[in-house]
Every structure is written in structure tokens, then in C-alpha cells.
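Colleague:
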Amino acid sequence: MASNVFRFDESWDIPEGTPQEVWDVLSDAQLLPLWWGDVYKEVDPLDKRGKGVVGARARARARGALPYELNFIIEAAELIP
2 MASNVFRFDE
12 SWDIPEGTPQ
22 EVWDVLSDAQ
32 LLPLWWGDVY
42 KEVDPLDKRG
52 KGVVGARARA
62 RARGALPYEL
72 NFIIEAAELI
82 P
């Protein structure tokens, strides 16, 4: 694997969101900055597939507590409401 390739596999516990609220955000990547604005700075769709569609892709820019920024592509691989 190239040194600049990363794979993040995560599980999140979201105690304050209802299942419907979580689904609404995770099925529409453009809402990520509204939901988690301290991390997701910008999310732009890359195609016209729409939200909640397997294969839909978006470019994301994120920044956490560490002094670097991540730019990556989000792709819906599976959707199970």
C-alpha cells in the first residue's frame, strides 16, 4: 500500500440523534458540515445521482484537532436505513 493511502473503518455512537436524524445526514453527505461542522469543513457532490443512492460520491474537506487537513472522496457503498 502506498504511504499516502489511508483507510478509515469506523463505528460511531450517536446518543443525541434519533435514528431518522442520523439517517438523513449520513444518506446526504452535503449535510455533514451542518451536523459535524467542527470536522467537516466542506462537502461537494461529484455526480448527479442524488442522496441516498448507492454509488453517490462527494468530495470532502475535513480538519480535526491535529494540525493537518484531509481531502477525500466519500462513496455510498451500501445503504441500510
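All residue numbers for the sequence shown refer to the working numbering, where the first residue is 2 and numbers rise by one. Just so you know, even glycine gets a beta-carbon here, dropped at the ideal spot from N, CA and C. Computed from a predicted model, the values in this text were never measured in an experiment.
1. From residue 52 to residue 71, what does the alpha carbon distance come to, in whole angstroms?
2. Whose C-alpha, out of 7, 20, 14, 15, is nearest the C-alpha of residue 82?
3. Residue 26 and residue 32: beta carbons closer than 8 Å?
4. Please state if the CB of residue 58 and the CB of residue 45 are separated by a distance shorter than 8 Å.
5. Pull up the CB-CB distance for residue 42 and residue 62, whole angstroms please, since I reckon it's below 8 Å.
Modeller: On the basis of the supplied data:
1. Within the sequence shown, numbered from 1, the residue matching residue 52 stands at position 51. Within the sequence shown, numbered from 1, the residue matching residue 71 stands at position 70. Going by the C-alpha atoms only, they are around 22 Å apart.
2. One-based indexing of the sequence shown puts residue 82 at position 81. Selected option, being the one with the closest Cα: 20.
3. Taking the sequence shown and counting its residues from 1, one reaches residue 26 at position 25. Taking the sequence shown and counting its residues from 1, one reaches residue 32 at position 31. For residue 26 and residue 32, yes; Cβs fall inside 8 Å.
4. Position 44 of the sequence shown, counted from the first residue, corresponds to residue 45. Position 57 of the sequence shown, counted from the first residue, corresponds to residue 58. Not a contact, by the Cβ cut-off of 8 Å.
5. For the purposes of this step, residue 42 is taken as residue 41 along the sequence shown, with counting starting at 1. For the purposes of this step, residue 62 is taken as residue 61 along the sequence shown, with counting starting at 1. With 8 Å as the limit, residue 42 and residue 62 qualify as a contact, their Cβ atoms being about 5 Å apart.
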